[in-house]
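Residue numbers (our numbering): 6 to 193.
Data block below; observations after.
Right under this line is the structure:
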């Protein structure tokens with residue numbers, strides 16, 4: 006919905022309590038995994054599939070930054086590109102070190118009252134809210150403990166990250182609107 010402009014960068018590293026950065030990490034990781042598994046299924050070697058999968062995951066998610074870079078309303082984000090690289094690298098690194106995934110990025114979501122207060126930004130439908138309402142998102146790293154030490158196979162250790170009380174990208178706007186944005190950390 007914004008005009009096209011010459012390519013530019015925009016620093017959004019301090020916005021939304023970095024929830025969007027964790028989302029970029031998660032998305033790049035998942036696309037890397039899906040791409041690699043698809044290539045392996047079609048007969049490509051594991052090592053080659055892992056490399057191509059990681060590059061594909063990074064490239065697909067990063068293409069959004071190229072489009073944002075030409076948008077007058079946004080700009081390409083270096084921190085988003087870094088999060089994309091970390092997500093793809095997290096997949097590739099585990100495959101290179103252990104030849105398997107031992108630490109799984111996971112995602113959970115619950116609807117919040119915030120989306121109805123600002124649906125144009127946080128989503129007006131359930132599907133939009135899953136993507137846009139950072140208040141309801143939680144990102145997890147879940148470790149298969151039995152792959153590290155003698156441990157029950159059914160028991161994992163997980164850490165999670167979320168944030169809440171946000172209608173706006175930056176803390177100042179939220180505070181001016183009587184909101185107190187904060188981070189949440191979980192252990193399970």
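Glycine residues also receive a C-beta, built at the ideal position from the N, C-alpha and C atoms.
Source: prediction; values computed, not measured.
Within 10 angstroms of the Cβ of residue i, are there 16 or more other Cβ atoms? Answer buried if so, exposed if not.
i	result
residue 131	exposed
residue 178	exposed
residue 13	exposed
residue 186	buried
residue 137	buried
residue 181	exposed
Report all residues from its chain with a CB closer than 7 Å to the CB of residue i; omit the five preceding and five following residues, and keep chain order.
i	result
residue 109	147
residue 149	107 and 161
residue 45	51 and 54
residue 135	114
residue 122	172
residue 156	150
residue 111	145 and 147
residue 120	127, 128, 134 and 138
First and last residue of the beta strand (DSSP E) that includes residue i?
i	result
residue 110	108 to 114
residue 162	162 to 169
residue 189	187 to 192
How is the alpha helix (DSSP H) around residue i delimited, first residue to last?
i	result
residue 144	Per DSSP, residue 144 belongs to no alpha helix (DSSP H); it is in the beta strand (DSSP E), 142 to 148.
residue 40	24 to 46
residue 79	Looking at the DSSP string, residue 79 is not in any alpha helix (DSSP H), and its letter there is neither H nor E.
residue 51	51 to 74
residue 176	176 to 181
residue 124	124 to 127
residue 137	131 to 137
Are the beta-carbon atoms belonging to residue i and residue j less than 8 Å from one another?
i	j	result
residue 153	residue 107	yes
residue 61	residue 82	no
residue 175	residue 19	yes
residue 37	residue 97	yes
residue 33	residue 63	yes
residue 86	residue 67	yes
residue 8	residue 84	no
Using C-beta distances below 8 Å, list every residue in its chain close to residue i, excluding the 5 sequence neighbours before and after it, in chain order.
i	result
residue 10	75, 76 and 77
residue 105	99 and 152
residue 21	139, 168, 171 and 174
Looking at the ligand ZN, does it come within less than 7 Å of residue i, judged from the CB to the closest heavy atom?
i	result
residue 73	Within the structure as shown, the ligand ZN is missing, as the structure has no ligands at all.
Consider the Cβ of residue i: report whether some Cβ of chain B lies at a distance smaller than 8 Å.
i	result
residue 122	Among the chains of the structure shown, chain B does not appear; only one protein chain is present.
Counting only the same chain and skipping the five closest in sequence on each side, list residues whose C-beta sits under 6 Å from that of residue i.
i	result
residue 193	163
I want to know whether the region 50 to 58 touches the region 26 to 35 - three or more CB-CB distances under 8 Å.
The region 50 to 58 vs the region 26 to 35: no contact.
Is the region 92 to 103 touching the region 121 to 131 in the sense that three or more CB pairs, one from each, lie closer than 8 Å?
No, because fewer than three Cβ pairs between the region 121 to 131 and the region 92 to 103 fall closer than 8 Å, the two stretches do not touch.
Determine, using beta-carbon pairs with one atom in the region 55 to 65 and one in the region 114 to 124, whether at least three such pairs fall under 8 Å.
Proximity of the region 55 to 65 to the region 114 to 124 falls short of the contact definition, fewer than three beta-carbon pairs being nearer than 8 Å.
Contact between the region 130 to 145 and the region 161 to 172 is defined here as three or more beta-carbon pairs at a separation below 8 Å; is this criterion met?
Yes, the region 130 to 145 is in contact with the region 161 to 172.
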